[in-house]
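So in my numbering, the last one in the sequence shown is 343, and the numbering has no gaps at all. In what follows, a single structure is set out as structure tokens and then discussed.
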Amino acid sequence: MPPQTLTSLTSLTLISVPYHVGLRASPMHRSHVSEGPDYLKSAGLLSLLLGYGQQHNLPLPLPVHEFEIPPVEDTFEGEIGRTFELIRRVSLAVTAARDAASFPVVLAGNCCISVGVAAGLCGSRELLRAGGCGNGGDDGGGGLGWDCYDGGGVLEGVDGDSARVSAVVVEEGGALWDEGT
163 MPPQTLTSLT SLTLISVPYH VGLRASPMHR SHVSEGPDYL KSAGLLSLLL
213 GYGQQHNLPL PLPVHEFEIP PVEDTFEGEI GRTFELIRRV SLAVTAARDA
263 ASFPVVLAGN CCISVGVAAG LCGSRELLRA GGCGNGGDDG GGGLGWDCYD
313 GGGVLEGVDG DSARVSAVVV EEGGALWDEG T
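Given below as structure tokens:
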């Protein structure tokens with residue numbers, strides 16, 4: 163079965179991860195990084211994404227599911243323990259979104275969350291059917307590749323000559339890109 167294209171997805175899943183090293187901003191832990199996801203949402207990110215869908219003839223109205231990764235600071239100790247648990251939870255959320263034919267947009271306060279996005283895509287039934295998470299580089303082989311942009315990145319699945327966007331990771335200060343394919 164060929165991988166899904168952007169137009170075959172049935173919804174958008176906005177996954178918020180408003181943490182830095184597993185902590186949400188508070189008077190005790192002042193971190194502007196962890197405030198990024200909430201700032202992007204309050205600045206109109208959802209409207210921008212829906213406008214993108216209109217420009218690219220996606221079936222509208224596109225249902226939007228919002229999900230926030232639950233806090234980990236009470237359960238997991240230390241920066242490393244909290245961070246690994248967030249990565250695990252993001253992976254599960256991304257896998258669930260893709261398996262439900264939804265396009266995951268992950269709003270993260272820390273770049274390490276990209277590992278969870280990649281793991282979540284690798285766990286999705288769609289990518290497993292397409293050959294898994296092999297080399298997504300320039301050799302044209304199937305798999306998953308990562309393109310970095312200022313403040314975020316795009317995970318792309320590469321299948322022969324055709325690339326498709328599998329997920330977007332937006333970090334604070336990052337700009338959305340204009341997909342060239």
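By construction, the Cβ of each residue, glycine as well, lies at the ideal position given by its N, Cα and C atoms.
| task | Counting only the same chain and skipping the five closest in sequence on each side, list residues whose C-beta sits under 7 Å from that of R186. | result | The sequence position of residue 186 within the sequence shown is 24, counting from 1. Excluding residues within five positions, the ones whose Cβ falls inside 7 Å are P180, S196, P233.
| For V279, the residue or residues it bridges with in DSSP | Here residue 279 is taken as the residue at index 117 of the sequence shown, counted from 1. Per DSSP, none; premise fails for V279.
| field | Through-space distance from C273 to E230, alpha-carbon basis | value | In the sequence shown, the residue the question calls residue 230 occupies position 68. In the sequence shown, the residue the question calls residue 273 occupies position 111. If I take the Cα positions, the gap works out to 17 Å.
| task | Report buried or exposed for G213, applying the criterion of at least 16 other Cβ atoms within 10 angstroms of its Cβ. | result | As a first step, residue 213 must be located in the sequence shown, where it is residue number 51. So G213 ends up on the exposed side.
| task | State yes or no: is the C-beta of P223 within less than 8 Å of the C-beta of A270? | result | The sequence position of residue 223 within the sequence shown is 61, counting from 1. The sequence position of residue 270 within the sequence shown is 108, counting from 1. Not a contact, by the Cβ cut-off of 8 Å.
| request: Output the distance between the C-alpha atoms of Q216 and T172, rounded to the nearest integer angstrom. | output: Counting from one through the sequence shown, the residue named residue 216 turns up at place 54. Counting from one through the sequence shown, the residue named residue 172 turns up at place 10. When rounded, the distance between both Cα atoms is 14 Å.
| query | Would you call the CB atoms of L348 and L174 closer than 8 Å? | reply | Missing from the structure shown is residue 348; the chain here goes from 163 to 343 and no further.
| message | On the CB-based measure, 16 or more other CB atoms within 10 Å of its CB, does A263 come out buried or exposed? | response | Position 101 of the sequence shown, counted from the first residue, corresponds to residue 263. Exposed: under 16 other Cβ atoms inside 10 Å.
| message | Judging by CA-CA distance, which residue of S276, S178, P225 is the nearest neighbour of S204? | response | Position 42 of the sequence shown holds residue 204. Cα-wise, what sits closest to S204 is S178.
| task | Would you kindly work out how many angstroms separate the C-alpha atoms of G285 and T257, rounded to a whole number? | result | The residue you call residue 285 lines up with position 123 of the sequence shown. The residue you call residue 257 lines up with position 95 of the sequence shown. Straight through space, the alpha carbons of T257 and G285 are spaced by roughly 6 Å.
| request: My understanding is that L176 touches V267, with C-beta atoms under 8 Å, so please give their C-beta distance in whole angstroms. | output: To locate residue 176, count along the sequence shown from 1; it is residue 14. To locate residue 267, count along the sequence shown from 1; it is residue 105. Rounded, the Cβ-Cβ distance is 5 Å, consistent with contact.
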